[in-house]
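The sequence shown begins at 1 in full-length UniProt numbering and counts up one residue at a time.
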Amino acid sequence: MALAISVSKEMRPHRAPRGVRIDSVTPPPTRFPTRFPTWSPTRSPTRSPTRSPTRSPTASDKTHFEALQLKKAIDTQIKQSPDINTSEITSPRRGSVAFQSSSVALGIMTPSILIVGATGNTGRAVAQTLPKLLQSSSTLSGYRVIALTRTSSSPVARELAKLPGVEVIEQNWVEITADWLREHQVARAFIASQPEPNQFAEESTFHLNALNAGVKYVVRISTTAANVRPDCPAYYPRQHWAIEALLGSPEFDNLQWTSLQPNIFSPFVMSPAAEFIKRYRKTGEQDTLRLVPSENAPIGIIDPDEVGVFAAHLLSQDDTSTHNKAKYVLNGPEDINGMQIVAMVEQHIGTPVKDVSYKDVSFIDMLYENQYAATKQSKNVIYSMTRAAETVWQGKCSTSTTSKEVLKLAAPKRTPADTLKALLED
1 MALAISVSKE
11 MRPHRAPRGV
21 RIDSVTPPPT
31 RFPTRFPTWS
41 PTRSPTRSPT
51 RSPTRSPTAS
61 DKTHFEALQL
71 KKAIDTQIKQ
81 SPDINTSEIT
91 SPRRGSVAFQ
101 SSSVALGIMT
111 PSILIVGATG
121 NTGRAVAQTL
131 PKLLQSSSTL
141 SGYRVIALTR
151 TSSSPVAREL
161 AKLPGVEVIE
171 QNWVEITADW
181 LREHQVARAF
191 IASQPEPNQF
201 AEESTFHLNA
211 LNAGVKYVVR
221 ISTTAANVRP
231 DCPAYYPRQH
241 WAIEALLGSP
251 EFDNLQWTSL
261 QPNIFSPFVM
271 SPAAEFIKRY
281 RKTGEQDTLR
291 LVPSENAPIG
301 IIDPDEVGVF
311 AAHLLSQDDT
321 STHNKAKYVL
331 NGPEDINGMQ
341 IVAMVEQHIG
351 TPVKDVSYKD
361 VSFIDMLYEN
371 QYAATKQSKN
381 VIYSMTRAAE
391 TVWQGKCSTS
401 TTSKEVLKLA
411 APKRTPADTL
421 KALLED
């Protein structure tokens with residue numbers, strides 16, 4: 001909610017201040033110009049060239065009344081919004097009301113919640129869910145939602161821009177500074193960074209800037225809980241462990257945070273089955289069905305949209321302190337193993353699958369060649385990802401590990417069968 005107010009000469013400060021400056025407003029003099037200078041979002045306040053020697057007392061009274069009502073509304077908003085930084089509110093001169101000449105600066109009246117990667121596999125659901133939850137909040141209903149994307153012209157970004165209360169901004173998140181966060185009045189944030197070799201450097205920089213900018217709460221996406229440890233053979237879970245250790249240090253006490261540790265995403269696990277079915281329906285021929293799961297170990301695979309929904313519920317909490325420094329494990333509603341996936345495929349094609357490769361991580365070869373070979377990234381580091389599934393094969397990633405807070409706030413509902421059906425309809 002952006003606010004605008006006309007200011008008399010007596011009410012104007014000597015210079016445009018930083019932030020919103022609010023104090024009691026003295027009654028205006030009897031004589032006023034016909035039009036009042038206003039603060040423009042693109043230029044400094046200037047006086048209107050049109051003036052009149054007189055102004056009726058009725059109009060003066062109305063102006064004074066509106067100023068008092070504005071101050072009352074601001075005071076109420078400050079009391080109700082826990083994330084407003086009241087240190088940004090000062091008084092340049094007793095009896096004056098001043099606004100910085102920027103609509104962004106006026107965001108102190110409406111703090112924002114930033115969604116980094118709003119068009120990604122989890123961020124999209126955050127952006128779609130959060131505005132609806134904020135509407136029913138007693139303290140956050142006026143908050144803006146900033147959906148960050150690298151390409152605002154993408155179909156997903158254009159759809160998000162249609163949502164009430166959502167502002168799509170094209171910005172590379174790794175270049176976000178503390179000043180950028182202050183200018184956009186970011187009070188809370190969601191971030192799902194990519195598991196690249198430089199993930200720690202980039203995401204830790206974001207969190208440091210968030211700390212210095214006065215951001216109150218961050219929800220981040222981690223990885224499979226059983227892998228988040230310093231001795232994990234795969235490189236990227238160690239980065240998540242390091243980021244959580246950094247956030248848990250005393251130096252970051254002023255930044256509340258929650259780390260979500262979801263199981264393997266269901267589209268990733270079920271996509272080979274869906275492609276196998278499509279190819280058989282089209283050609284009548286079978287290839288090798290390559291599956292990451294083992295034959296018998298149960299896995300609580302989860303849809304990324306439901307991870308985003310849970311993140312949105314956290315971001316919409318009036319009091320986030322109960323979730324501060326929490327690490328929540330997220331699984332889907334049902335376990336599944338490799339043999340069960342094969343049975344689902346056979347049900348769809350009406351004939352037995354001839355060749356199945358379990359514990360198959362050969363996709364890493366294609367990933368390396370297409371994404372990393374040209375960048376000269378260490379092949380040794382990239383190929384360590386093949387060991388990320390070891391905890392899955394050991395049976396350490398079943399639905400029994402789901403955090404009770406997940407089931408309480410937004411229990412996942414989409415089953416592996418639901419995922420396979422959706423993939424076949426694409």
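Each residue gets a CB set at the ideal place from its N, CA and C atoms; glycine is no exception.
Going by DSSP, name the residue or residues bridged to A189.
Looking up residue 189 in the sequence shown gives position 189. Note: A189 sits in a beta bridge opposite L114 and V218.
My output table needs one value for L258: the three-state DSSP class, helix, strand or coil.
Sequence index remark: in the sequence shown, residue 258 carries index 258 (1-based). Strictly speaking, residue 258 in this sequence is Thr, with Leu absent from that position. In the structure shown, T258 sits in a strand (DSSP, three-state: E or B).
Mind checking A311: buried by the 16 CB within 10 Å criterion, or exposed?
Position 311 of the sequence shown, counted from the start, is the residue given in the question as residue 311. Classification of A311: buried, given that the 10 Å Cβ count is 16 or more.
To the nearest angstrom, how far is it from the Cα of A192 to the Cα of P164?
Your numbering for residue 192 matches position 192 in the sequence shown. Your numbering for residue 164 matches position 164 in the sequence shown. Cα to Cα, the separation comes out at about 23 angstroms.
Mind reading off the beta-carbon distance from D318 to S112? Whole number of angstroms is fine, and I expect it under 8 angstroms.
Within the sequence shown, numbered from 1, the residue matching residue 318 stands at position 318. Within the sequence shown, numbered from 1, the residue matching residue 112 stands at position 112. The pair is not a contact, with the Cβ atoms about 17 angstroms apart (cut-off 8 angstroms).
Skipping 5 residues on each side, what residues in its chain have a beta carbon closer than 6 angstroms to that of T401?
The residue given as residue 401 occupies position 401 in the sequence shown. The residues are V329.
When burial is assigned at 16 or more other CB atoms within 10 Å of the CB, is E306 buried or exposed?
Your numbering for residue 306 matches position 306 in the sequence shown. Classification for E306: buried.
According to DSSP, which residues form a beta bridge with T149?
The count along the sequence shown starts at 1 and reaches residue 149 at position 149. Note: T149 sits in a beta bridge opposite E170.
For a minimum of 4 consecutive residues, which ranges assigned as the alpha helix (DSSP H) are wholly contained in the stretch 355-417?
Entirely contained in the stretch 355-417, the alpha helix (DSSP H) runs reaching 4 residues are, in chain order, 363-367, 379-382, 390-393 and 404-410.
Rounded to whole angstroms, what's the CA-CA distance from P230 to S222? Just pull it up for me.
Along the sequence shown, one-based indexing puts residue 230 at 230. Along the sequence shown, one-based indexing puts residue 222 at 222. Looking at the two C-alpha atoms, the distance is approximately 14 angstroms.
Using DSSP with H/G/I as helix, E/B as strand and the rest coil, what is V307?
Against the sequence shown, residue 307 aligns to sequence position 307. Reduced to three states, the DSSP call for V307 is helix.
Let me know the secondary structure DSSP gives I336 once reduced to three states.
On the sequence shown, position 336 is the one that residue 336 refers to. In the structure shown, I336 sits in a strand (DSSP, three-state: E or B).
So, with DSSP's three-state summary, where would you put L140?
For the purposes of this step, residue 140 is identified with residue 140 of the sequence shown, where counting begins at 1. Note: L140 maps to coil in three-state DSSP.
Spatial neighbours of I176 within its chain, please: C-beta separation below 7 angstroms, excluding the five flanking residues on both sides.
Indexing the sequence shown from 1 puts residue 176 at position 176. Taken in chain order, the residues that qualify are F206 and N209.
Roughly how many angstroms lie between the CA atoms of L367 and T122, to the nearest whole one?
As a first step, residue 367 is located in the sequence shown; it is residue number 367 there, counting from the start. As a first step, residue 122 is located in the sequence shown; it is residue number 122 there, counting from the start. When rounded, the distance between both Cα atoms is 21 angstroms.
Under DSSP, the alpha helix (DSSP H) around A127 begins and ends at which residues?
Residue 127 sits at position 127 when you count from the first residue of the sequence shown. Start and end: G123 to Q135.
Report buried or exposed for K216, applying the criterion of at least 16 other Cβ atoms within 10 angstroms of its Cβ.
Against the sequence shown, residue 216 aligns to sequence position 216. The residue is buried, with at least 16 neighbouring Cβ atoms inside 10 Å.
Rounded C-beta distance between V166 and V145? I'm assuming under 8 angstroms.
Numbered from 1 along the sequence shown, position 166 holds the residue referred to as residue 166. Numbered from 1 along the sequence shown, position 145 holds the residue referred to as residue 145. Rounded, the Cβ-Cβ distance is 5 angstroms, consistent with contact.
According to DSSP, simplified to helix, strand and coil, what is L163?
Translated into the one-based positions of the sequence shown, residue 163 becomes position 163. DSSP places L163 in coil when its eight states are reduced to three.
Leaving out five residues on either side along the sequence, give the residues of the same chain with a beta carbon under 8 angstroms from the beta carbon of V186.
Here residue 186 corresponds to residue number 186 of the sequence shown, with the count starting at 1. Closer than 8 angstroms at Cβ, skipping near neighbours: P111, S112, I113, L114, I146, A210, A213 and V215.
Measure the Cβ-Cβ separation of N331 and N296 and say whether it is below 7 angstroms.
For the purposes of this step, residue 331 is taken as residue 331 along the sequence shown, with counting starting at 1. For the purposes of this step, residue 296 is taken as residue 296 along the sequence shown, with counting starting at 1. In this structure, N296 does not lie closer than 7 angstroms to N331 by Cβ.
Answer yes if the stretch 225-242 comes into contact with the stretch 404-416, meaning at least three C-beta pairs across the two stretches below 8 angstroms, and no otherwise.
No: fewer than three Cβ pairs fall under 8 angstroms.
Is it the case that the Cβ atoms of I169 and E203 are separated by a distance below 7 angstroms?
Taking the first residue of the sequence shown as position 1, residue 169 is located at position 169. Taking the first residue of the sequence shown as position 1, residue 203 is located at position 203. It is not a contact, given that the beta carbons lie outside the stated cut-off.
First and last residue of the beta strand (DSSP E) that includes K327?
Within the sequence shown, numbered from 1, the residue matching residue 327 stands at position 327. Its beta strand (DSSP E) spans residues A326 to L330.
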